[in-house]
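Beneath this line is the structure, given in structure tokens, with notes to follow.
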Ligand SMILES: Cc1ncc(COP(=O)(O)O)c(C=O)c1O
Ligand SMILES: Cc1ncc(COP(=O)(O)O)c(C=O)c1O
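Protein chains in written order, with the working numbering: chain A, 2 to 416; chain B, 2 to 416; chain C, 3 to 259; chain D, 3 to 259.
Written out as structure tokens, the structure is:
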């Protein structure tokens, strides 16, 4: 049984200069209560046990650490291991955090859950746990994301959640997050706002990182069992940063292990179509959505449009924990272009029989670039944060698959 | 570590009057060699250990047995447990068999894998393992199924498999199976034909049942751990019968445990639109596709059209093992109508946050009918053989979701 | 003259003061001028100038759209300060406060922002996403520059928290009337009055009440419990729908019934 | 006269015999009549009457389509037997065998099927998905009814297996020329002849060779190695594409070069 991870504890909500809690006063007492509940849970080993047991019984935990023989052979460098968060129920690491927070919300007597979602994975995970626990559920989702990710919207609704398309601003993740905060400001007594990544006001980054630390704890013990050694480097994509911080947490104290986060390079970091915050010079420190971090923003402090082929990486801020780890040099940040991501995805499909989510494939890109630099004595770990089934529309369109088009046209007529 | 199950051993390929091996002579030596290889593997504990270890490392095994608290409360009878084959890599129990047979094929030195597929789940699983092991792969699929299940076709091709639409006959599963047999007749020295269910000529039913017995072995030990008792009944949908025989195998010797298989009642067993072989009077004993079982056929012996909302249950034959278990009264067979299946699916979504495949949902229907007959002292198990993500087109169309239609129309234009 | 002194002075003559709102650059600068002129004409004593921000989490749909509208038409923070300087000079009898979000200050530089605000004739700032415990630098500089640090208290706050907020507040204390964001209507209740009474008992700061005030009845109801009734969203919306003259009549009618 | 006797007798006069094929009910009964007439005219000694089955796993695309076509136009097994009776009576010099799949026999009842076949003048049966070790009842009844049980051997079979098959076979032994299903072309090779020689060494049964034989060269090549050249798929296809007269010329040409 894996023990509760020593979380990445903040200094009163801060990680170096990042983090904090910048919220409308109406939410003050709610945050105090949440912080107390979270800290009680954290100090209570029974809570973590319940968390792990529920994940084991309802989702796929521990998720395997799969040796990628084909990719290893292909690159001829480090032995490549893949952490299989794609096998979680609902298809991504998002469920870990959702399950943890819903357990907490239940303890706090909340009967209603709200959440923001971008790609829809966090929304589906939230709707799922809300259904399971009989909680009322509302999901805010940018109207543009509703259009792009309709299959996830369909499932959320089938799961009994109300999905509210958010039409303000860029109609994407950050606007959905704002809208959820507004809802919470009105309904905080009945409602828990279940933030989907290691962002937002304290204690969210710390709490989400704590729940996701199960990834890193498992991965560390698995790689030791399987190879009797630590990896040279571990790779994860970075949207808000929850899967990355989850994996990295397991190796934070192993200073020889490089932590590599991979952001969305989109169409290039010298264009305006990317979401590379730390890996480009485009971001600067700011305060929005309740916390301080590096944002892609104008000199006036207005948030900018972002882009990625992976809807889940298309976010304007980044976990304050990762901003800090990068600032102090503990973590390295790279970016992957949309085109590189599709190529890495195809290679992984055809070599390993794995379908990483487009988000996850960003981590694969960078690992593939670096694997040849190592020897067969070394190993590296890539976090497959989710499965790519959800991305069929995007991938098929990107590959311009003619039969897919025919298929859609036909179904559109039939249905 | 779960031990290799004592398989449902045939008597020279027969289970009572069912089974056998009715194949063109050209395949005779191939079947002899396969049978020998299978039997060697079966007698070799290391093989089963390799099988279990590979599943554990690559897929989600053991899959959880989830207590369905919401459904239990809803029906107010037996405590309902759900075996989570949906958490397997590629989303269904099909991977168990595929992984087992590809390990065997590798031992036999085969470099090429062919398979038939209906819903596409077996095809995706096969393409996946072929990609992982670097084997050439060709999938035969009824042309009508190619149209209906195009997303799975897309993934098979992305995984590097060649997908051949079969345009003969009813253009569905049985025709794909015939076509695969024809391919094998020409290429048996290089090729293994990886049958996807517990049907076909001996040793396939026995071998597939053996690989799938991991489901029942796990489920039995899990229910004992979780409840200290055996279930009153276990439920599984029956297409070819592999997930059912897999689950049932764990409880075969526990004569107090009822084994309930659920076939596709389609639009009603008094219409011509169903696939209820054992649960209706429409089937009779016959010999086709290389084995003897109950087929839906005319008095002349021509196979008939079948129908189910679940493509994976839409098959004209049935595992000879299940035909036998039913004949000797060890197993009970029911059917579920398309409409009942959609209702059970919705309830499960909204009560448990689970999305059973349309196939699996057939088992849920019958379990829901019978759960109230038991008391809270009793427990029952339902096999969730796969996840329903793949069924979004079918479900959305069946529910006539207007936004889905809009979405498809829009994507069809864009792509 | 400090903002609290101004308010006390005005309250000598009036049962209750009015504070209103405009989002700078929205729909256009000329509209801000017309709306402010109308409000000043109507006797409004205090006006919030909202510097637009792309993520206004404390604002409801109307002000949210106004913020985005203003940014879309190119409103810069520099523009906002120029406008503030122009308008404070034109209406020396009225007090103007800035309402904006913390990132705008942060990116401008807090010292720079506060100093520029003071130089522009601004009397104070309302920053709804800057809790006092995160605001040390801001408060120090505001004190230096004699700018009021207007914080919000809410009916959800404990007495202890209210006291803490009051300790950091100057100029006036802004009592949010109910949970939620700006723009939805508020049901006035005994609880509201009890809450205002509690705050009143803890401070001599003038009390403004805001969030959802729309009618003369609402304003009437606050007399005795508060010093200032804030009509924000409704004023912005009313101007957009009915124009400056109508807005003026509305604001005039709030106190005359 | 037993089938093997008939073949030996014919072989006295000819280097090699011909066996051909028609799928009953396809495209229509009249076509079967015309095709058979043409083949008899051309001197073909043996004709396979295929009783259609929906799952003909040993057949390639052309015969597969023919089977399905026949079923679709309503061909019943009863019809097939009526036709067999008619045609065997019309052409007493020719030998007709049934080619079909085991399920057709099984559903008809094996005894019933074999008896009816015998009564219809049929000389033997080829059931490609009925291996001899599964065929005990069928063999017994065929013996009773003096029907030849024609089993197939293949180049993949071990000597031991060939011997086993021969033991169950009567009338003629059918040597499949290559792996695969009906209808694809076969490359004639030394290996083929060695294989036929092996079979020959093990039995005195007449040897038919089939799968992919199309040309006079193919037939020529088999002289000395086999007693019968079987032209199945090609005959069916040729009739459909070119008609009865052309088929007759084709069949005639196979032995005259
Ligand atoms: C599969 C997957 N991976 C990664 C992400 C990015 O989020 P985070 O950076 O919080 O892990 C998402 C977000 O939707 C996701 O769905
Ligand atoms: C999820 C799922 N369940 C069940 C089946 C039916 O197959 P079987 O009866 O062999 O388990 C299928 C077949 O495609 C399937 O995909």
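Virtual Cβ for every residue (Gly too), placed ideally from N, Cα, C.
Notebook entry, point to check: By a C-beta neighbour count over all protein chains shown, 10 Å radius and 16 as the cutoff for buried, is residue 198/D buried or exposed?
Noted result: Stepping through the fourth chain from its first residue, residue 198/D is reached at position 196. By the C-beta density criterion, residue 198/D is buried, having at least 16 other C-beta atoms within 10 angstroms.
Check: How many angstroms separate the CA atom of residue 204/C from the CA atom of residue 119/A?
Finding: Position 202 of the third chain, counting from 1, holds the residue named residue 204/C. Position 118 of the first chain, counting from 1, holds the residue named residue 119/A. C-alpha separation (whole angstroms): 44 Å.
Check: Is the beta carbon of residue 321/A less than 8 Å from the beta carbon of residue 16/A?
Finding: For the purposes of this step, residue 321/A is taken as residue 320 along the first chain, with counting starting at 1. For the purposes of this step, residue 16/A is taken as residue 15 along the first chain, with counting starting at 1. Yes; because the gap between Cβ atoms is below 8 Å, this pair is in contact.
Margin query: Please classify residue 193/D as buried or exposed, where buried requires at least 16 other C-beta atoms within 10 Å of its C-beta.
Written below: Stepping through the fourth chain from its first residue, residue 193/D is reached at position 191. Result: exposed.
Check: Alpha carbon to alpha carbon, how far is residue 60/D from residue 130/D?
Finding: Position 58 of the fourth chain, counting from 1, holds the residue named residue 60/D. Position 128 of the fourth chain, counting from 1, holds the residue named residue 130/D. If I take the Cα positions, the gap works out to 7 Å.
Checklist line | One or two residues paired with residue 53/C in a DSSP bridge | finding: Here residue 53/C is taken as the residue at index 51 of the third chain, counted from 1. In the DSSP assignment, no residue is bridged to residue 53/C.
Next item on the list: State the DSSP-derived secondary structure class of residue 235/C, mapped to helix, strand or coil.
Entry: By one-based count along the third chain, residue 235/C stands at place 233. Looking at residue 235/C - three-state DSSP - the assignment turns out to be helix.
Check: Which whole-angstrom value describes the C-beta separation of residue 79/A and residue 379/A, a residue pair presumed to lie in contact below a C-beta threshold of 8 Å?
Finding: The residue you call residue 79/A lines up with position 78 of the first chain. The residue you call residue 379/A lines up with position 378 of the first chain. So it is a contact: roughly 4 Å between Cβ atoms.
Check: Should residue 243/D go down as buried or exposed, given a rule of 16 or more other Cβ atoms within 10 Å for buried?
Finding: Within the fourth chain, residue 243/D is the residue found at index 241, counting from 1. Burial is judged here by how many other beta carbons sit within 10 angstroms of a residue's own beta carbon; residue 243/D has fewer than 16 and is exposed.
Next item on the list: Select from the region 260-293 of chain A all residues with a C-beta closer than 9 Å to any C-beta belonging to chain C, and list them in chain order.
Entry: Shown in chain order are the members of the region 260-293 of chain A whose Cβ falls below 9 Å from a Cβ of chain C: 285, 286, 287, 288, 289, 290, 291, 293.
Notebook entry, point to check: Taking three-plus beta-carbon pairs below 8 Å as touching, is the region 74-86 of chain D in contact with the region 13-29 of chain D?
Noted result: Touching, yes, given that three or more Cβ pairs across the two stretches are closer than 8 Å.
Check: When you compare only the Cα positions, how much space is there between residue 462/B and residue 224/B?
Finding: Only positions 2 to 416 of chain B appear in this structure, which leaves residue 462/B out of reach.
Next item on the list: Quick one: using the 10 Å Cβ neighbour count with 16 as the cut-off for buried, is residue 163/A buried or exposed?
Entry: By one-based count along the first chain, residue 163/A stands at place 162. So residue 163/A counts as exposed.
Next item on the list: Collect the residues with a C-beta less than 5 Å away from any heavy atom of ligand 2 and give them in sequence order along the chain.
Entry: Having a Cβ closer than 5 Å to some heavy atom of ligand 2 are 93/B, 120/B, 122/B, 198/B, 240/B, 241/B, 242/B, 243/B, 244/B, 313/B, 358/B, 360/B, 386/B, 387/B.
Check: Checking contacts by CB at 8 Å: is residue 175/A closer than that to chain C?
Finding: Numbered from 1 along the first chain, position 174 holds the residue referred to as residue 175/A. For residue 175/A, the answer is yes, since a Cβ of chain C falls inside 8 Å of its Cβ.
Check: Sorted by chain position, which residues of the same chain lie with C-beta nearer than 7 Å to residue 356/B's C-beta, five sequence neighbours on each side aside?
Finding: Residue 356/B sits at position 355 when you count from the first residue of the second chain. Here residue 356/B has 350, 388, 389, 390 as same chain residues with Cβ atoms under 7 Å from its own Cβ, once five neighbours each way along the sequence are excluded.
Next item on the list: Closer than 7 Å, Cβ to Cβ, to anything on chain D: give me those residues from the region 178-209 of chain B, in chain order.
Entry: Cβ contacts with chain D come from 179, 182, 183, 186, 187, 189.
Next item on the list: Identify the contact partners of residue 159/C in chain A, using a Cβ-Cβ distance below 8 Å as the criterion.
Entry: The residue you call residue 159/C lines up with position 157 of the third chain. Listed along chain A, the residues sitting closer than 8 Å to residue 159/C by beta-carbon distance are 26, 29, 30.
Check: What span of residues does the alpha helix (DSSP H) with residue 243/A cover, start to end?
Finding: To locate residue 243/A, count along the first chain from 1; it is residue 242. Looking at the DSSP string, the run of the alpha helix (DSSP H) that includes residue 243/A is 243-250.
Margin query: Less than 8 Å between CB atoms is the rule here; does residue 249/A satisfy it with respect to chain C?
Written below: The residue labelled residue 249/A in the question sits at position 248 within the first chain. Judged by the 8 Å Cβ criterion, residue 249/A is not in contact with chain C.
Notebook entry, point to check: So what does DSSP say about residue 3/C, is it helix, strand or coil?
Noted result: Here residue 3/C corresponds to residue number 1 of the third chain, with the count starting at 1. Here residue 3/C carries a coil assignment [DSSP, helix/strand/coil].
Check: Which bits of chain D does residue 23/B rub up against, with CB to CB less than 8 Å?
Finding: Taking the second chain and counting its residues from 1, one reaches residue 23/B at position 22. In chain order: 104, 131, 132, 133, 136.
Check: Alpha carbon to alpha carbon, how far is residue 362/B from residue 232/A?
Finding: Looking up residue 362/B in the second chain gives position 361. Looking up residue 232/A in the first chain gives position 231. One C-alpha to the other measures close to 42 Å.
Notebook entry, point to check: The alpha helix (DSSP H) with residue 133/B in it runs from where to where?
Noted result: On the second chain, position 132 is the one that residue 133/B refers to. Residues 122-134.
Note to self: Quick check: is any heavy atom of ligand 1 less than 7 Å from the C-beta of residue 61/A?
What the structure shows: Counting from one through the first chain, the residue named residue 61/A turns up at place 60. No.
Check: Is any heavy atom of ligand 1 found at a distance shorter than 7 Å from the C-beta of residue 84/A?
Finding: Translated into positions along the first chain, residue 84/A becomes position 83. No, Cβ of residue 84/A sits at least 7 Å from all heavy atoms of ligand 1.
Checklist line | Burial state of residue 74/B (16 or more Cβ within 10 Å) | finding: As a working mapping, residue 74/B is identified with position 73 in the second chain. Exposed is the call here.
Note to self: Could you tell me the alpha carbon to alpha carbon distance between residue 1/D and residue 21/D, rounded to whole angstroms?
What the structure shows: Because residue 1/D is not part of the residues shown, which for chain D are 3 to 259, the question remains open.
Next item on the list: Would you please verify whether the beta carbon of residue 2/A is less than 8 Å from any beta carbon of chain C?
Entry: Residue mapping note: residue 2/A aligns to position 1 of the first chain, counting from 1. Confidence is the limiting factor: at residue 2/A the pLDDT is only 44, short of 50, which leaves the residue's position unreliable, though a coordinate-based value still follows. Not a single CB atom of chain C sits nearer than 8 Å to the CB of residue 2/A.
Notebook entry, point to check: Are the C-beta atoms of residue 242/D and some chain B residue less than 8 Å apart?
Noted result: Position 240 of the fourth chain, counted from the start, is the residue given in the question as residue 242/D. Chain B has no Cβ within less than 8 Å of the Cβ of residue 242/D.
Checklist line | DSSP state of residue 80/B mapped onto helix, strand, coil | finding: In the second chain, counting from the first residue as 1, residue 80/B sits at position 79. Residue 80/B falls in the strand class under three-state DSSP.
Check: Do residue 260/B and residue 333/B have their C-beta atoms within less than 8 Å of each other?
Finding: Translated into positions along the second chain, residue 260/B becomes position 259. Translated into positions along the second chain, residue 333/B becomes position 332. Taking a C-beta distance under 8 Å as the contact criterion, residue 260/B and residue 333/B qualify as a contact pair.
Notebook entry, point to check: Does the Cβ-Cβ distance between residue 313/B and residue 102/B come in under 8 Å?
Noted result: Your numbering for residue 313/B matches position 312 in the second chain. Your numbering for residue 102/B matches position 101 in the second chain. Cβ atoms of residue 313/B and residue 102/B: not closer than 8 Å.
Notebook entry, point to check: residue 175/A: beta carbon under 7 Å from a heavy atom of ligand 1?
Noted result: For the purposes of this step, residue 175/A is taken as residue 174 along the first chain, with counting starting at 1. False, no ligand heavy atom lies under 7 Å from that Cβ.
Next item on the list: Using a cut-off of 7 Å between C-beta atoms, extract the partners of residue 73/C located in chain A.
Entry: Here residue 73/C refers to the residue found at position 71 when the third chain is read from its first residue. Those are 303, listed as they occur along chain A.
Checklist line | Identity of the residues DSSP links to residue 357/B by a beta bridge | finding: The residue given as residue 357/B occupies position 356 in the second chain. Under DSSP, the beta-bridge partners assigned to residue 357/B are 388/B.
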